[in-house]
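S.K.: Okay, handing you the structure first.
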Amino acid sequence: QTIQAAKDSEAGENEQETQGKPPLLQRLYSNTSNGKFSLSDKGEEEDTEEETEEEKLPNISFFRILKLNKSEWPYIMLGTIAAIINGAAHPAFSVLFAKVIAIFGTNNPEFIRSEINVYSIIVLVIGVVSFFTFFMQGFMFGRSGEVLTMRLRQMAFKSMLRQDMSWFDDKKNSTGALTTRLATDASQIQAATGSRLGLIAENFCT
Numbered sequence: 001q002t003i004q005a006a007k008d009s010e011a012g013e014n015e016q017e018t019q020g021k022p023p024l025l026q027r028l029y030s031n032t033s034n035g036k037f038s039l040s041d042k043g044e045e046e047d048t049e050e051e052t053e054e055e056k057l058p059n060i061s062f063f064r065i066l067k068l069n070k071s072e073w074p075y076i077m078l079g080t081i082a083a084i085i086n087g088a089a090h091p092a093f094s095v096l097f098a099k100v101i102a103i104f105g106t107n108n109p110e111f112i113r114s115e116i117n118v119y120s121i122i123v124l125v126i127g128v129v130s131f132f133t134f135f136m137q138g139f140m141f142g143r144s145g146e147v148l149t150m151r152l153r154q155m156a157f158k159s160m161l162r163q164d165m166s167w168f169d170d171k172k173n174s175t176g177a178l179t180t181r182l183a184t185d186a187s188q189i190q191a192a193t194g195s196r197l198g199l200i201a202e203n204f205c206t
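Take the sequence shown: its letter number 107 is residue 107 in full-length UniProt numbering, and every next letter is one higher.
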């Protein structure tokens with residue numbers, strides 16, 4: 001009863017608002033008041049349909065990405081060697097520190113001084129070598145990754161140019177979306193080949 005009373009009161013208010021208006025305005029007012037809910041419902045349905053639609057992307061193997069970077073294998077090999085040296089430097093420092101601590105346990109000052117000088121030179125040499133190998137690792141993997149990024153962008157751009165005109169009518173293939181793909185998607189693959197291989201080799205030797 002309360003619901004029916006509310007509906008009756010709302011209908012009465014609408015009639016009062018439309019009274020005194022021209023017939024054309026009354027007709028427009030009634031059409032908009034009756035159709036506003038249907039338009040909003042239709043918009044919500046379209047939004048839900050767009051959210052449920054997900055783009056299905058094919059699964060690409062890691063070895064296929066490496067094949068695309070095949071021409072840069074010299075850079076990858078040099079970067080891997082540098083990463084192995086960098087990984088071996090960490091346990092080498094641990095061994096040296098253990099030997100230095102053992103030397104301080106002796107009571108011969110001259111022996112301690114001579115041995116400490118030797119191990120200090122060894123630590124200095126390892127530090128200098130690590131400086132160059134870290135630079136080489138970053139440069140080599142960065143170079144190979146940038147070349148791969150440029151190659152992927154060229155392949156993606158050529159594929160876009162070969163599409164039909166109807167393909168660009170889709171909102172997913174708008175100018176902004178395609179530009180974002182060329183800018184971000186290709187650069188994200190760089191981490192899969194460059195820095196990841198370096199970290200794997202470095203952690204394996206550590």
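By construction, the Cβ of each residue, glycine as well, lies at the ideal position given by its N, Cα and C atoms.
#1: Using the Cα positions of LYS67 and PHE132, report the straight-line distance between them to the nearest angstrom.
#2: Whole angstroms is fine: what's the gap from LEU148's alpha carbon to LYS172's?
#3: Nearest-angstrom Cα distance between TRP73 and PHE141?
#4: Using a 10 Å radius around the Cβ and a threshold of 16 neighbouring Cβ atoms, would you call GLU110 buried or exposed?
#5: With DSSP as the reference, label ASP169 as helix, strand or coil.
#6: Could you tell me which of ASN59, ILE116, VAL125 sits nearest to ILE103, measuring between CA atoms?
#7: Are there 16 or more other CB atoms within 10 angstroms of the CB of ALA82, so buried, or fewer, so exposed?
#8: Return the residue from the list SER71, ARG64, LYS70, TYR75 that minimises the CA-CA distance to GLN137.
#9: Nearest-angstrom Cα distance between ASP185 and PHE97?
#10: Are ILE84 and ALA201 touching if we call contact CB-CB under 8 Å?
M.R.: On the basis of the data shown:
#1: As a first step, residue 67 is located in the sequence shown; it is residue number 67 there, counting from the start. As a first step, residue 132 is located in the sequence shown; it is residue number 132 there, counting from the start. Roughly 28 Å separates the two Cα atoms.
#2: Numbered from 1 along the sequence shown, position 148 holds the residue referred to as residue 148. Numbered from 1 along the sequence shown, position 172 holds the residue referred to as residue 172. Approximately 25 Å, taken between the alpha carbons.
#3: In the sequence shown, counting from the first residue as 1, residue 73 sits at position 73. In the sequence shown, counting from the first residue as 1, residue 141 sits at position 141. When rounded, the distance between both Cα atoms is 10 Å.
#4: Sequence index remark: in the sequence shown, residue 110 carries index 110 (1-based). Looking at its Cβ environment, which holds fewer than 16 other Cβ atoms inside 10 Å, GLU110 is exposed.
#5: Indexing the sequence shown from 1 puts residue 169 at position 169. Helix, per DSSP.
#6: If you number the sequence shown from 1, residue 103 lands on position 103. Cα-wise, what sits closest to ILE103 is ILE116.
#7: Taking the sequence shown and counting its residues from 1, one reaches residue 82 at position 82. Buried.
#8: Here the question's residue 137 lines up with position 137 in the sequence shown. Selected option, being the one with the closest Cα: TYR75.
#9: Position 185 of the sequence shown, counted from the first residue, corresponds to residue 185. Position 97 of the sequence shown, counted from the first residue, corresponds to residue 97. Cα-Cα distance, rounded: 45 Å.
#10: To locate residue 84, count along the sequence shown from 1; it is residue 84. To locate residue 201, count along the sequence shown from 1; it is residue 201. Yes, the pair counts as a contact, with Cβ atoms nearer than the cut-off.
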